[in-house]
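> Taking my numbering, the leading residue of the sequence shown gets 1, the next gets one more, and so forth.
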Amino acid sequence: MFIFNSKTIFFTLFCTTSLINSNAWFQLISLQNLMQKHPEIQYQKCLDPISFKYEKFSILPAYANQGTFHECFALTIPNGRVQARQGFTFVDNFFINEFVWADRPDALVIAQQIPINKMLKVTGRVAVITQMAFQSYSHWLNEVLGRLALLEMNHISYDWLYTPCDKPFMRETLQLWGIEGNKVLCPSDANVCVQAEQLVVPSLVINTDIGFNNHVGLYANPVTLRYVREKLLSKALAQPQITAKNFSKRVFISREDAPWRHMINENEVFQELQKYGFQRYQLSKMSVVDQILLFADAEVVVGEHGTGLVNIIYCKPETKVFEIFQNLIDSSFWYLAQMFHLRYQAIKTKDFVEEHMTNPIAHFNEYKIIWKQNTYVPLAYIQQITQNL
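#1: Could you check if N5 is buried or exposed, using at least 16 other CB atoms within 10 Å of its CB as the buried criterion?
#2: How is the alpha helix (DSSP H) around A196 delimited, first residue to last?
#3: Mind pulling the beta strand (DSSP E) runs of 3 or more residues that sit fully within the region 77-134?
#4: For V269, which of helix, strand or coil comes out of DSSP?
#5: For the beta strand (DSSP E) containing Y276, list its first residue and its last residue.
#6: Relative to the C-alpha of N154, which candidate in E268, T224, K118 has its C-alpha closest?
#7: Per DSSP, what are the beta-bridge partners of V288 in this structure?
#8: Expressed to the nearest angstrom, what Euclidean distance is found between the alpha-carbon atoms of Y227 and A149?
#9: Just to confirm the assignment, what range does the alpha helix (DSSP H) spanning R171 have?
#10: If we count Cβ pairs, one from each stretch, closer than 8 Å, do we get three or more for the region 246-257 versus the region 276-294?
#11: Tell me whether the region 130-145 and the region 314-325 touch, counting them as touching only if at least three CB pairs, one residue from each stretch, are closer than 8 Å.
#12: Can you give me the start and stop residues for the beta strand (DSSP E) that A346 sits inside?
#13: Per DSSP, what kind of secondary structure is Q36 in: helix, strand or coil?
#14: Going by C-alpha to C-alpha distance, which of F134, K167, L108, W140 sits closest to K285?
#15: To which residues does DSSP link L75 through a beta bridge?
#16: To the nearest angstrom, how far is the alpha carbon of C193 from that of L161?
#17: With a cut-off of 8 Å on the beta carbons, I'd call L31 and N97 a contact; round off their distance for me.
#18: Could you tell me the boundaries of the beta strand (DSSP E) in which P414 lies?
#19: Can you tell me which of the three DSSP states K320 falls into?
#20: What residues in its chain sit with their C-beta under 8 Å from that of R343, if we drop five residues either side in the sequence?
#21: Should the region 69-80 be regarded as contacting the region 24-42, the criterion being three or more beta carbon pairs within less than 8 Å?
#22: Assign V109 to buried or exposed, taking buried as 16 or more other Cβ atoms, counted over all protein chains shown, within 10 Å of its Cβ.
#23: Would you kindly work out how many angstroms separate the C-alpha atoms of W260 and Q36, rounded to a whole number?
#24: Tell whether a beta-carbon distance below 8 Å holds between E272 and G303.
#25: Based on the DSSP secondary-structure assignment, which residues constitute the bridge partners of R280?
#26: Please state whether DSSP places Q383 in a helix, a strand or coil.
#27: Leaving out the 5 sequence neighbours to the left and right, which residues in its chain are closer than 7 Å to F99 when beta-carbon positions are compared?
#28: For S138, which three-state DSSP category applies?
#29: Quick check: the Cα distance between I114 and F57, rounded to an integer number of angstroms?
#30: How big is the Cα-Cα spacing for I50 and V310?
#31: For N221, does the count of other Cβ atoms within 10 angstroms reach 16, so buried, or fall short, so exposed?
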């Protein structure tokens with residue numbers, strides 16, 4: 001069992017909050033201008049720009065289905081500073097434009113100005129892989145571990161890894177990866193700042209030329225995500241304690257344990273699916289290894305839109321995936337299904353306002369409501385699934 005023991009570094013610092021406004025204590029700077037201002041910062045190219053094109057999303061064709069991932073890189077910053085659980089990295093009170101998650105500078109609202117005498121100074125090389133949305137299992141796999149993959153693929157060394165590790169899936173994936181707990185700097189909250197002898201910062205792996213304003217959901221970098229998949233899947237299959245699991249090959253993902261977007265009549269839906277050999281699973285109650293093995297052996301996966309469906313990356317080609325939507329429409333798993341050659345079908349159960357989905361920033365109040373709404377799924381929609389097994 002992977003335990004972050006007394007050697008693991010936990011720390012809490014206290015400071016005042018600064019909001020993003022005209023009086024913000026820091027400024028945004030482009031990477032190009034930063035490198036001109038600080039030639040001592042080392043830039044290492046890691047991945048060329050990657051173009052992508054997917055088939056359009058059937059229930060919302062207006063979503064952008066093609067674009068280009070930005071070049072991936074890693075910076076080594078002498079005496080660099082990082083703060084908070086989101087890994088905000090600053091140089092001379094400048095935040096780097098290229099590290100703004102999903103083109104949303106408003107996400108920096110919790111960044112704080114920490115007095116220099118309250119910084120924890122760390123000797124050696126500290127690699128920062130955490131970012132906004134790290135709390136979500138799907139973002140963790142795709143983006144946080146994607147940054148770790150970027151370091152490993154390019155043989156970039158580090159002495160410490162700066163990332164939250166409080167949730168079981170975080171600890172379990174890091175353990176599976178082979179990261180020792182006493183090498184993890186685990187920030188406890190926003191009131192944290194570390195100054196490293198050398199701060200190693202891989203770029204975000206999901207930034208594209210599309211931006212966030214015209215779609216809901218994110219795109220997955222195929223190079224880093226495939227690396228994450230192969231790394232974790234091979235490690236899971238090689239676990240010495242693995243015994244034969246009596247998992248069904250027909251998988252229904254429950255959302256009873258989710259904080260929102262519940263399926264109001266989930267029991268009724270499951271009773272119908274059970275007639276066709278489905279078993280129900282609450283992924284939050286399963287270890288990461290068991291989740292990987294469950295999806296790796298599945299033939300059919302049915303679930304309402306939610307972070308646990310990112311596990312379809314472990315499915316074999318031609319596995320059938322049925323994603324049930326309410327009026328929050330998100331194309332993320334449709335694109336993943338194409339990347340991994342899965343047979344995907346979207347099940348729309350409610351009408352939705354297209355403008356709310358294609359321009360979520362402009363309709364943020366409506367989007368927040370939609371994000372948390374529960375769903376009643378008429379059994380007629382389940383018959384769309386059972387007729388296509």
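We treat Cβ as the ideally placed atom computed from N, Cα and C, and that holds for glycine.
According to the structure data:
#1: Indexing the sequence shown from 1 puts residue 5 at position 5. Since pLDDT at N5 reaches only 32, below the 50 mark, its modelled position is unreliable, and the value read off the structure follows with that caveat. Exposed, since its Cβ has fewer than 16 Cβ neighbours within 10 Å.
#2: As a first step, residue 196 must be located in the sequence shown, where it is residue number 196. Element bounds for A196: not the alpha helix (DSSP H) but the beta strand (DSSP E), 193-202.
#3: Those beta strand (DSSP E) runs which fall completely within the region 77-134 and span 3+ residues are 81-83, 88-91, 94-96, 120-128.
#4: By 1-based counting over the sequence shown, the position of residue 269 is 269. Three-state result, V269: helix.
#5: Position 276 of the sequence shown, counted from the first residue, corresponds to residue 276. From DSSP, Y276 is part of no beta strand (DSSP E); its letter is neither H nor E.
#6: Taking the sequence shown and counting its residues from 1, one reaches residue 154 at position 154. Closest by alpha carbon: T224.
#7: In the sequence shown, counting from the first residue as 1, residue 288 sits at position 288. Beta-bridge pairing links V288 to no other residue.
#8: Position 227 of the sequence shown, counted from the start, is the residue given in the question as residue 227. Position 149 of the sequence shown, counted from the start, is the residue given in the question as residue 149. Their backbone Cα atoms lie some 7 Å apart in a straight line.
#9: Here the question's residue 171 lines up with position 171 in the sequence shown. Note, R171: alpha helix (DSSP H), 168-177.
#10: yes
#11: no
#12: In the sequence shown, the residue the question calls residue 346 occupies position 346. Unbroken beta strand (DSSP E) run through A346: 343-348.
#13: Within the sequence shown, the letter at position 36 stands for residue 36. Correct three-state label for Q36: helix.
#14: Indexing the sequence shown from 1 puts residue 285 at position 285. Checking every option, the nearest Cα to that of K285 belongs to K167.
#15: Taking the first residue of the sequence shown as position 1, residue 75 is located at position 75. Looking at the DSSP assignment, L75 forms a beta bridge with Y43, V201.
#16: As a position in the sequence shown, residue 193 is number 193, starting the count at 1. As a position in the sequence shown, residue 161 is number 161, starting the count at 1. Approximately 14 Å, taken between the alpha carbons.
#17: As a working mapping, residue 31 is identified with position 31 in the sequence shown. As a working mapping, residue 97 is identified with position 97 in the sequence shown. Confirmed, about 7 Å.
#18: Residue numbering for the chain in the displayed model covers 1 to 389; residue 414 lies beyond these limits and cannot be assessed.
#19: In the sequence shown, the residue the question calls residue 320 occupies position 320. Three-state result, K320: strand.
#20: For the purposes of this step, residue 343 is taken as residue 343 along the sequence shown, with counting starting at 1. Correct list, in chain order: E318, T319, K320, V321, A337.
#21: yes
#22: On the sequence shown, position 109 is the one that residue 109 refers to. Exposed, by the Cβ-count rule.
#23: Numbered from its first residue, the sequence shown carries residue 260 at position 260. Numbered from its first residue, the sequence shown carries residue 36 at position 36. Straight-line Cα distance between these residues: approximately 46 Å.
#24: As a position in the sequence shown, residue 272 is number 272, starting the count at 1. As a position in the sequence shown, residue 303 is number 303, starting the count at 1. No; because the gap between Cβ atoms is not below 8 Å, this pair is not in contact.
#25: Counted from its first residue, the sequence shown places residue 280 at position 280. Answer is F252.
#26: Position 383 of the sequence shown, counted from the first residue, corresponds to residue 383. Note: Q383 maps to helix in three-state DSSP.
#27: Against the sequence shown, residue 99 aligns to sequence position 99. Once the five neighbours on either side are set aside, the close Cβ partners of F99 are T89, L204.
#28: In the sequence shown, residue 138 corresponds to position 138, counting from 1. Helix at S138.
#29: On the sequence shown, residue 114 is found 114 positions in, with the first residue counted as 1. On the sequence shown, residue 57 is found 57 positions in, with the first residue counted as 1. Each residue's Cα considered, the two are about 45 Å apart.
#30: By one-based count along the sequence shown, residue 50 stands at place 50. By one-based count along the sequence shown, residue 310 stands at place 310. Spanning the two alpha carbons is a distance of roughly 21 Å.
#31: Within the sequence shown, numbered from 1, the residue matching residue 221 stands at position 221. Flag for N221 reads buried.
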